[in-house]
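Chemist:
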Amino acid sequence: KILGSLKNFARLDEAPFQKADIHEGLESVLTLLEPELNARIEVVKHYGELPAVACFPGELNQVIMNLLLNAIQAIPEKGTITIETGFCSGQVQVSITDTGIGIPPEQMERLFDPVFTRRGARVKAGLGLFTSYHIMQHHRGILTAESEPGKGSTFRMTFPSDLDQQPMEKEGAEEPSSASRCAGLGK
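If you want my numbering, it's the 1-based position in the sequence shown plus 7.
1. Rounded to the nearest angstrom, how far is the Cβ of Ile79 from that of Ile103, given a contact under 8 Å?
2. Do you know whose CA, among Pro83, Ser96 and Glu116, lies nearest Leu57's CA?
3. Quick one: give me the first and last residue of the beta strand (DSSP E) that Glu49 is part of.
4. Based on DSSP bridge pairs, tell me the residues matched to Ser154.
5. Determine, using beta-carbon pairs with one atom in the segment 140-148 and one in the segment 160-170, whether at least three such pairs fall under 8 Å.
6. Does the Cβ of Asn45 have 16 or more other Cβ atoms within 10 Å, making it buried, or fewer, making it exposed?
7. Cα separation between Lys158 and Ile48?
8. For Ser154, which option in Phe137, Thr138, Pro121 and Thr106 has the closest C-alpha, if you only look at C-alpha atoms?
9. Could you tell me the alpha carbon to alpha carbon distance between Glu113 and Glu34, rounded to whole angstroms?
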């Protein structure tokens, strides 16, 4: 099971740009993270119907891995991670919400900077959210975050499922409107 999940996560045997099942990617990452989740974190899934998405699956799996690892690290003891997926107006959304420590408002504006991470009460150098943000731009999408200290955070990936167009080059990618949030996702 773990070997299959590793193969799916890395997509080593497939072309880089292809149709992919986002739910399959989520499940592969969750399988790889089972030891980190152990008995202290409950994972709740609310998967909506999603079409196959034209993407670089390995890159999207990397974003999912980064977001789930951040959620795990934000939960000091027991908690919940909720994963929601949905599709509307040609946009796929994946939301990952944790019941962790949350992020102070003054740190939200730096969240996607290249050397900013928040683990516990310490700020460390890191590239996870920075890389994830740019992968989403590469897919003509956006990565957003909402957080409340003491209550947790939600990270939302929103990107088109259009199978006829490849993503923009990483340079010059524009952010889609944040008003394109799908109904039923997020609180």
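Even glycine gets a Cβ: it sits at the ideal position worked out from N, Cα and C.
Model, not experiment: these values are computed from the prediction.
Modeler: A quick look at the data gives this:
1. Not confirmed; about 10 Å, so no contact.
2. Ser96
3. Residues Ile48 to Tyr54.
4. Ser160
5. Taking 8 Å as the limit for Cβ pairs, the verdict is that the segment 160-170 does touch the segment 140-148.
6. exposed
7. 15 Å
8. For Ser154, the nearest C-alpha among the options comes from Thr106.
9. The alpha-carbon separation between Glu113 and Glu34 amounts to approximately 33 Å.
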